[in-house]
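Peer 1: In UniProt numbering, the protein residues as written are 1 to 234. Virtual Cβ for every residue (Gly too), placed ideally from N, Cα, C. Here it is, the structure in full.
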Amino acid sequence: MSSTNSDSPLLPLDIRLRTLEAQLFGVPPSIVDQPSFTRGKAKGESSKSAIRQIQEAEEIFERLSSESEGIKRLLDGYDQYLPLLNPPTTTTLTNDQEQDSIESNKNERITESNLLPDAIKLTMVLEAYGDIRGAERDLREIDLLKNKDVQGSGNLEELLPLKPNLVSSLKQTQNTSRELSKLKKELNTLLGRYNEFTSTTSDLFIDLHHQLQYLEDRVYKFERKKIKEIQERY
């Protein structure tokens, strides 16, 4: 095996994945029956070399990492997820210990959290810190609404299906508000024109009043002049 392929960063990952599969599920018969796993293999037998298999594995990992974001994150954070890829080896148990282990496994249900090391749990908690703080803030707001006796504060699950109706009502309200704003603008324009009309009409009436008063004065003067002329004649 060449140094280039033996120093590949994917080789330890491939070995650990195979070790993990073998420890959890055992060695599949298809692998055991392969000629490359049989002892005393002749040099002339036709089988893929280890270098070729590693190259194919590297190509598969590169293709999968380009297609799957999860695999890409696994490869990028290899050191972080290393404890998951290297489970502790099982030790030989006596018959009594094996019986006790079987009985305890029957009584206790193994969860995923029991299989994770404390370091991984701490990393997961730190990554979810923002979500946990957000959920805590939301719960405090809900408690505050409940303490203030806000209607429906404790039945948010029942109110969520009404969200589409609320959104449509908000849209209708916005449309109505825009129409009212348009009508208000038109009404202000009409009121401005009315004020201008009344002001012009008032000015016309005042001017007409002055002209009538002037004519009345002229008529009164002519009448007095005429009366005076008549009196002078006689």
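1. If you draw a straight line from the C-alpha of residue 188 to the C-alpha of residue 176, how long is it?
2. At 4 residues or longer, and completely inside the region 126–213: list those alpha helix (DSSP H) runs for me, N to C.
3. Using the beta-carbon count (16 or more within 10 Å), is residue 197 buried or exposed?
4. Would you call residue 54 buried or exposed, if buried means 16 or more other Cβ atoms sit within 10 Å of its Cβ?
5. Given a threshold of 16 other Cβ atoms within 10 Å of its Cβ, counted over all protein chains shown, does residue 253 qualify as buried or as exposed?
6. Cα separation between residue 203 and residue 210?
7. Report whether the distance from the Cβ of residue 76 to the nearest heavy atom of the ligand NAP is below 8 Å.
8. Can you find a C-beta in chain C that's less than 9 Å from the C-beta of residue 65?
9. Could you name the residues of the same chain whose beta carbon sits closer than 7 Å to that of residue 30, not counting the 5 residues immediately before and after it, in chain order?
10. Rounded to whole angstroms, what is the Cα-Cα separation between residue 142 and residue 124?
Peer 2: With the given structure in hand:
1. About 18 Å.
2. Counting only runs of 4 or more, we get 129–147 and 156–159.
3. An exposed status is given to residue 197, since fewer than 16 other beta-carbon atoms sit within 10 Å of its beta-carbon.
4. Residue 54 is classed as buried because its beta carbon has at least 16 other beta carbons within 10 Å across all chains shown.
5. The structure shown has nothing for residue 253, since the chain only spans 1 to 234.
6. Distance between the alpha carbons of residue 203 and residue 210: 11 Å.
7. The ligand content of the structure shown is nil, which means the ligand NAP is not present either.
8. This model lacks chain C altogether; it includes just one protein chain.
9. Note on residue 30: pLDDT 47, under 50, position unreliable in the model; the coordinate value appears next. Counting only residues of its own chain and dropping the five nearest sequence neighbours on each side, residue 30 has no CB closer than 7 Å to any other CB.
10. About 26 Å.
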